[in-house]
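Below is one structure, written out as structure tokens; the observations come after it.
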Amino acid sequence: MSEANVESEKPEASGGNKIVLHEKAFAHLTRGMYRSPASALRELVSNAWDARAHKVEIRTGIPHFVELTVTDDGEGFDEAEFLRIVKGGLGNSEKRIRDTDNTRPLIGRLGVGMFGIAQICGSFVIASRPKKGKPFKARIRLYNFREELDKTDSPLVRRREKVADTESSLEIDIGEYELLAFSEDEFEGTGTRIVADVMHPVFSRTFRDSIQQSDGVPDREWGVAVKKQISKHHSLQELGEYFRLIWEIAASVPIPYLGDDAVPSGRVVNVQKDLLKEDFQVLVDGIQLFKPVWLKGNRNGYTTIDVPYTETTLYNRKIAFQGYIAVQEGKQLKPDELRGIMIRVKGVGIGLYDPSLLDYRFNEGPRSRWVTGEIFVSEGLENALNVDRDSFNRFHPQFRFLQRQVHKLLREEVFPEVYSKIKRRSNRRAKENASARTEALAEAVQETFAAKTRQGPANAAGMPSLVVRSIKIGESDRSTDVRSEDPDELDTKKGNRQLASSVLTLFDLALMQPTKNQMRQIFTKALLKLLRDW
Amino acid sequence: MTTFKYENCTSKQYVRSKGWIPEAKERLARLPKVSQRGPRRRLRYLTFCAEGAIDVLALRNAKIIKKSAEKLYDTVTFFDFAPQAVDKTLRIIEGANGFPIDFFELINSDYPEIPQSESDLDPQDAEEDDVTFREAKNRYLYGDFRRSFPFDLMNLDVERYVIRPTEKLPGELLTAWDKILEWQKREGSFGKLKIKVDEFTVFFTAKIGPRELPDTHRDNLIRVIEANIERFPDLKHILSSRFSEDNAEKLYHSNFDEFFKLAVPKALISRALAKDWMLDLELSYKAFEFDRQPPASDEYTMVHYILHFRRCAPSLDAQINPLNLPLAVAKVYGESVTRVFTTPCDDVDVSKMDDEATLKMELGALGVAV
Numbered sequence: 001m002s003e004a005n006v007e008s009e010k011p012e013a014s015g016g017n018k019i020v021l022h023e024k025a026f027a028h029l030t031r032g033m034y035r036s037p038a039s040a041l042r043e044l045v046s047n048a049w050d051a052r053a054h055k056v057e058i059r060t061g062i063p064h065f066v067e068l069t070v071t072d073d074g075e076g077f078d079e080a081e082f083l084r085i086v087k088g089g090l091g092n093s094e095k096r097i098r099d100t101d102n103t104r105p106l107i108g109r110l111g112v113g114m115f116g117i118a119q120i121c122g123s124f125v126i127a128s129r130p131k132k133g134k135p136f137k138a139r140i141r142l143y144n145f146r147e148e149l150d151k152t153d154s155p156l157v158r159r160r161e162k163v164a165d166t167e168s169s170l171e172i173d174i175g176e177y178e179l180l181a182f183s184e185d186e187f188e189g190t191g192t193r194i195v196a197d198v199m200h201p202v203f204s205r206t207f208r209d210s211i212q213q214s215d216g217v218p219d220r221e222w223g224v225a226v227k228k229q230i231s232k233h234h235s236l237q238e239l240g241e242y243f244r245l246i247w248e249i250a251a252s253v254p255i256p257y258l259g260d261d262a263v264p265s266g267r268v269v270n271v272q273k274d275l276l277k278e279d280f281q282v283l284v285d286g287i288q289l290f291k292p293v294w295l296k297g298n299r300n301g302y303t304t305i306d307v308p309y310t311e312t313t314l315y316n317r318k319i320a321f322q323g324y325i326a327v328q329e330g331k332q333l334k335p336d337e338l339r340g341i342m343i344r345v346k347g348v349g350i351g352l353y354d355p356s357l358l359d360y361r362f363n364e365g366p367r368s369r370w371v372t373g374e375i376f377v378s379e380g381l382e383n384a385l386n387v388d389r390d391s392f393n394r395f396h397p398q399f400r401f402l403q404r405q406v407h408k409l410l411r412e413e414v415f416p417e418v419y420s421k422i423k424r425r426s427n428r429r430a431k432e433n434a435s436a437r438t439e440a441l442a443e444a445v446q447e448t449f450a451a452k453t454r455q456g457p458a459n460a461a462g463m464p465s466l467v468v469r470s471i472k473i474g475e476s477d478r479s480t481d482v483r484s485e486d487p488d489e490l491d492t493k494k495g496n497r498q499l500a501s502s503v504l505t506l507f508d509l510a511l512m513q514p515t516k517n518q519m520r521q522i523f524t525k526a527l528l529k530l531l532r533d534w
Numbered sequence: 001m002t003t004f005k006y007e008n009c010t011s012k013q014y015v016r017s018k019g020w021i022p023e024a025k026e027r028l029a030r031l032p033k034v035s036q037r038g039p040r041r042r043l044r045y046l047t048f049c050a051e052g053a054i055d056v057l058a059l060r061n062a063k064i065i066k067k068s069a070e071k072l073y074d075t076v077t078f079f080d081f082a083p084q085a086v087d088k089t090l091r092i093i094e095g096a097n098g099f100p101i102d103f104f105e106l107i108n109s110d111y112p113e114i115p116q117s118e119s120d121l122d123p124q125d126a127e128e129d130d131v132t133f134r135e136a137k138n139r140y141l142y143g144d145f146r147r148s149f150p151f152d153l154m155n156l157d158v159e160r161y162v163i164r165p166t167e168k169l170p171g172e173l174l175t176a177w178d179k180i181l182e183w184q185k186r187e188g189s190f191g192k193l194k195i196k197v198d199e200f201t202v203f204f205t206a207k208i209g210p211r212e213l214p215d216t217h218r219d220n221l222i223r224v225i226e227a228n229i230e231r232f233p234d235l236k237h238i239l240s241s242r243f244s245e246d247n248a249e250k251l252y253h254s255n256f257d258e259f260f261k262l263a264v265p266k267a268l269i270s271r272a273l274a275k276d277w278m279l280d281l282e283l284s285y286k287a288f289e290f291d292r293q294p295p296a297s298d299e300y301t302m303v304h305y306i307l308h309f310r311r312c313a314p315s316l317d318a319q320i321n322p323l324n325l326p327l328a329v330a331k332v333y334g335e336s337v338t339r340v341f342t343t344p345c346d347d348v349d350v351s352k353m354d355d356e357a358t359l360k361m362e363l364g365a366l367g368v369a370v
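Structure representation (structure tokens):
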């Protein structure tokens, strides 16, 4: 670097100047933040988890889909906390104070999570009955302000009169709330309920249409839906939005698996124990959900490895994780959405399964469509989350570290094992084919030449040979010593060698016929029989 | 404040037990078979669902309502105002078709028919706001409700007055009744099953009153009965012998409750006739009444009617002038009105009965803490 360049980077005054983000950017967060309704609902489930709920019930309003209700039996929150959030605390929720007996990791974002539902409805009602403090009920209506905020004279944007150094100079109205009368019989105990009673017609229409299609509604037993219905389809797209919503919720929230044997070799036994200990249920329209992972019944089996517990500190921040990677040998996973790696931060799935295997840079062909896995991050990675909490900043050092560990396992352990199994399967199949074809040759010889045969010695590749001991010519048996040639000795394509060897055997036997005409006739008959059974 | 527990009411259970269940069994026995050798199709039921869905559970326990192979109450349609109330009921009768809206507001709307698979585009000139969304919601629900017809059994347990003084004639309840009767003639499509009904049963419940009706409503009710008396003179004798009055107006003033108990079923039957439905005289007509005294409210009397209807034969819909009643229909109508005039309400006073313990036991079996 030249001296002149160095000189130009010297600050004009001491201390850096602050870079400020316009408040309007934050205002947009309350709408349009989540990828799908399932992501918004996942945030509400996360809030329920944090509130130590044991049961979350989501009602989609099937078959009309004109209202949606999410009810939990958690500790709720009081009117004061609600007012703090709506009066400027949005996006700045104080994490619930951890009681000494709360062992659950906190995962939700009370304010933003709560408002996420606004993405699919015009307004909604929230009611909460807390353990301590005043219960409340309120209707919240968020403005549809995308264009409005861009106007310079928008009445939604006001300059604050008295502004301390640390405060924002602008206030943005993002909506309205109205406190409603709270009825004591709203809840049997404590809890929170969100009722989106004015759903966006596009949501209603899409979901109404989706349940009309075949297999559009899951079986009441989620296990049956996962094992029988989904397995018939390549992708959740074939099942429609309603089924997809339920599947995505099941995949992303911290609920147990269908069994501790849902992944072979006991890879999720310990995770399952921890999840069962939490006693946390999520029901959608009365269907109790479990993680939609069921790796069983594949003819070629599964290759599974543990992602061992790994802990490190990067830039003064700790990251700790473990998990598993599983490969369904020789068969594409169904549905497609199960392919890839799911990263769970404190039990909550971030986005969906990543089919790129966290940007794995080697082309493993169709093998990569056999891979699924989960990484459970117990500490760290939260700062790598993008604002939608549905994806990661791929250049965050903690993400890069995790990615490297996963890729190393894929490259050095998972795929080598997969290729080795493929080779073993190919060899076994080749031997089975060779035996079957030798058998086909024997049958052609026996049937056409009325021959007596026996199996000869196998060649170096283990391919058995055929020895013809006698054939019938006219009315009499004639002993022979015709042996099928070792296919590997024939100078032709590997795939043609056994056929060439068999044809030569038939030819040798045909030559023993007394006339050219008989030779041709019997050779033709034997060849056609062989080809029929090949 | 103590909330009155309607579901605990043993008098109501008496009506269920002695009225609804046996009459619903009659309806069930008349349902057509799915195929020649197959079972009868499942009964389709519309209700306003009591707390805890006990009417549905009572019908289920009596094997009148049957769940689907997937264990869903998918032949039950019910209404409640609030989504959370619908959710609560769905926890008990999973798979039922719950409508989270005021029944009268919905049915008395008038939206055009929309195909089941919604392909209508988003409006070009409407705001993307609550008002537009609510309009769409009501439109969807209206279409869905219409498509859920016909029903075999309807429990119109509305817990309100038949006519409210502020309403315009004929009142929102009777307007809704007209639409129900019209929609009952639809051919419904439920999965692979096409259903058309020629007969159905109604459990109709209402509060007696209000006594201070506006003149237009009062005159209308009186006229309805007077017209019958003029047409079927025997009714006058019945009126005299039962109530010591020989005309409807006198009865209205001297004994409003008895007048009301005649006028309501009479109104239901005559409006049904206008829509090509008549009372099925092969089946019973039953009426019950009992008093209620909720805390912090005046005592009132509930009346329960059980009416079986069937399509008019010959059909009035095929008549050029439907006001010219065919003789056969006119005969049935006359007998129907006579039946209403001669059948007193069964006065349910559980305290005077010896089976209160049984009724409480029945309620207990339905999950009600008595």
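Just so you know, the sequences run in chain order A and B. When we follow my numbering, the leftmost residue of the first sequence carries the number 1, and every step to the right adds one. When we follow my numbering, the leftmost residue of the second sequence carries the number 1, and every step to the right adds one. Ideal Cβ positions, reconstructed from N, Cα and C, are used throughout, including at glycine.
Residue i, buried or exposed, once every other Cβ within 10 Å from all chains shown has been counted against 16
i, result
"Phe362 of chain A", "exposed"
"Leu179 of chain A", "exposed"
"Phe203 of chain B", "buried"
"Val204 of chain A", "As written in the sequence, residue 204 of chain A is Ser, which differs from the Val given in the question. The residue is buried, with at least 16 neighbouring Cβ atoms inside 10 Å."
"Met154 of chain B", "buried"
"Gly364 of chain B", "exposed"
"Glu337 of chain A", "buried"
"Tyr309 of chain A", "exposed"
"Gln398 of chain A", "buried"
Span of the alpha helix (DSSP H), counted from its first residue to its last, around residue i
i, result
"His237 of chain B", "Asp234 to Phe243"
"Lys88 of chain B", "Pro83 to Ile92"
"Pro416 of chain A", "Phe415 to Phe449"
"Asp257 of chain B", "Phe256 to Ala274"
"Lys286 of chain B", "No alpha helix (DSSP H) contains Lys286 of chain B, which is instead part of the beta strand (DSSP E) from Lys286 to Arg292."
"Thr505 of chain A", "Lys494 to Ala510"
"Ala80 of chain A", "Glu79 to Arg84"
"Asp178 of chain B", "Glu172 to Trp183"
"Glu105 of chain B", "Phe103 to Ile107"
"Ala526 of chain A", "Lys516 to Asp533"
Nearest residue (CA-CA) to residue i, options the options
i, options, result
"Leu289 of chain A", "A:Thr60, A:Val253 and A:Gly113", "A:Val253"
"His200 of chain A", "B:Glu187, B:Asp234, B:Asp122 and B:Ser241", "B:Asp122"
"Glu364 of chain A", "A:Leu338, A:Val418 and A:Arg404", "A:Val418"
"Asn108 of chain B", "B:Tyr161, B:Ile163 and B:Ile180", "B:Ile180"
"Ile350 of chain A", "A:Ala251, A:Leu276 and A:Gln328", "A:Ala251"
"Val371 of chain A", "A:Tyr315, A:Asp481 and A:Val263", "A:Val263"
"Leu83 of chain A", "A:Phe136, A:Leu441, A:Ala51 and A:Glu485", "A:Phe136"
Endpoints, beta strand (DSSP E) assigned at residue i
i, result
"Lys360 of chain B", "No beta strand (DSSP E) holds Lys360 of chain B; the alpha helix (DSSP H) holding it covers Glu356 to Ala365."
"Phe78 of chain B", "Val76 to Asp80"
"Leu535 of chain A", "Residue numbering for chain A in the displayed model covers 1 to 534; residue 535 of chain A lies beyond these limits and cannot be assessed."
"Gly456 of chain A", "Lys452 to Gly456"
Residue i CB to nearest heavy atom of the ligand FAD below 7 Å
i, result
"Pro326 of chain B", "Looking for the ligand FAD in the displayed structure turns up nothing, as the structure carries no ligands at all."
**OP:** Taking only beta carbons into account, state which residues of the segment 188-199 of chain A come closer than 9 Å to chain B, listed in chain order.
**Re:** Arg193, Val195, Ala196, Asp197, Val198 and Met199
Subject >> Interface positions of the segment 202-217 of chain A facing chain B (Cβ-Cβ less than 8 Å), listed along the chain >> reply: Answer in chain order: Val202, Ser204, Arg205, Arg208, Asp209 and Gln212.
Subject >> Secondary structure, beta strand (DSSP E): runs of 3+ residues fully inside the segment 242-296 of chain A >> reply: Taking only runs of at least 3 residues, the beta strand (DSSP E) segments lying wholly in the segment 242-296 of chain A are 281-284.
**OP:** Could you please tell me which residues of the segment 280-294 of chain A, in chain order, have their CB closer than 7 Å to any CB of chain B?
**Re:** Listed in chain order, the positions of the segment 280-294 of chain A with a beta carbon within less than 7 Å of a beta carbon of chain B are Gly286.
Subject >> Interfacial residues, the segment 118-132 of chain A to chain B, with Cβ spacing under 8 Å >> reply: Cys121, Gly122 and Ser123
Original post:
Counting only runs that start and end within the segment 175-206 of chain A, where is the beta strand (DSSP E) found for 3 or more residues in a row?
Top reply: Taken in chain order, the unbroken stretches of beta strand (DSSP E) that lie wholly in the segment 175-206 of chain A and span 3 residues or more are 175-180 and 191-196.
Original post:
Between the segment 88-105 of chain B and chain A, which residues of the former have a C-beta closer than 9 Å to a C-beta of the latter?
Top reply: Taking 9 Å as the Cβ-Cβ cut-off against chain A, the residues of the segment 88-105 of chain B that qualify are Leu90, Arg91, Glu94, Gly95, Asn97, Gly98, Phe99, Pro100 and Ile101.
Original post:
Just by C-beta distance, which residues in the segment 63-75 of chain A are closer than 9 Å to chain B?
Top reply: Pro63, His64, Phe65, Val66, Glu67, Leu68, Thr69 and Thr71
Subject >> Residues from the segment 65-85 of chain B in contact with chain A, defined by Cβ distance under 9 Å >> reply: Glu70, Lys71, Leu72, Ala82, Pro83 and Gln84
**OP:** Note down, in chain order, all residues in the segment 176-208 of chain B with a beta-carbon under 7 Å from any beta-carbon belonging to chain A.
**Re:** none
Subject >> Members of the segment 298-322 of chain A that neighbour chain B once the beta carbon cut-off is set at 8 Å >> reply: Of all residues in the segment 298-322 of chain A, none places a beta-carbon less than 8 Å from a beta-carbon of chain B.
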